[in-house]
Amino acid sequence: MDLFDFHPLKWWYFPYTCSDPKGTDVEIFTDGSKINGSVGSSVVVFYHGALIHSLEHRLSDFASVYQAEAHGLDLALTFVLTLQCWDAIRIYTDSLSLLQALSVVQS
């Protein structure tokens, strides 16, 4: 199989597991929600159990909860790009549908 037969976006495989936070290294928690018609995403980042960063972002009232969850993960990944550390990084989300969508191998 030649990798150039497929678009680069189809190369990604995003496996996930279910585990509890450990309180070590970098742990990032994401969430998205819709309450009373308002939609938003948030991210909190802990380094060895200490809060080092938090971010909330308001989305359009027409956005879905799934879009809010996806945006929360995007915020987390964008933050990871700014980190300058060699510690392990774990991202936690409660959106099983988002994880399942990311784990689908396309060919």
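Quick note, the sequence shown lines up with residues 1 to 107 if you use full-length UniProt numbering. Ideal placement from N, C-alpha and C gives every residue a C-beta, glycine not left out. Just so you know, these numbers come straight off a predicted model, no measurement behind them.
Cross-strand partners of residue i (DSSP beta bridge)
{"i": "HIS57", "result": "SER41"}
{"i": "GLY32", "result": "SER41"}
{"i": "TYR16", "result": "Answer is none; TYR16 lacks a bridge partner."}
Residue from the options with nearest C-alpha to residue i
{"i": "GLY40", "options": "VAL26, ILE52 and PHE62", "result": "PHE62"}
{"i": "ALA101", "options": "TRP86, GLN67, ILE89 and ARG90", "result": "GLN67"}
Boundaries (first-last residue) of the alpha helix (DSSP H) holding residue i
{"i": "TYR66", "result": "65 to 82"}
{"i": "SER103", "result": "96 to 103"}
DSSP-derived helix/strand/coil call for residue i
{"i": "LEU88", "result": "Residue 88 is actually Ala in this sequence, not Leu. Of the three classes helix, strand and coil, the one that applies to ALA88 here is coil, per DSSP."}
{"i": "PHE46", "result": "strand"}
Close-in-space but distant-in-sequence residues of the same chain around residue i (CB under 7 Å, 5 per side omitted)
{"i": "SER60", "result": "VAL39"}
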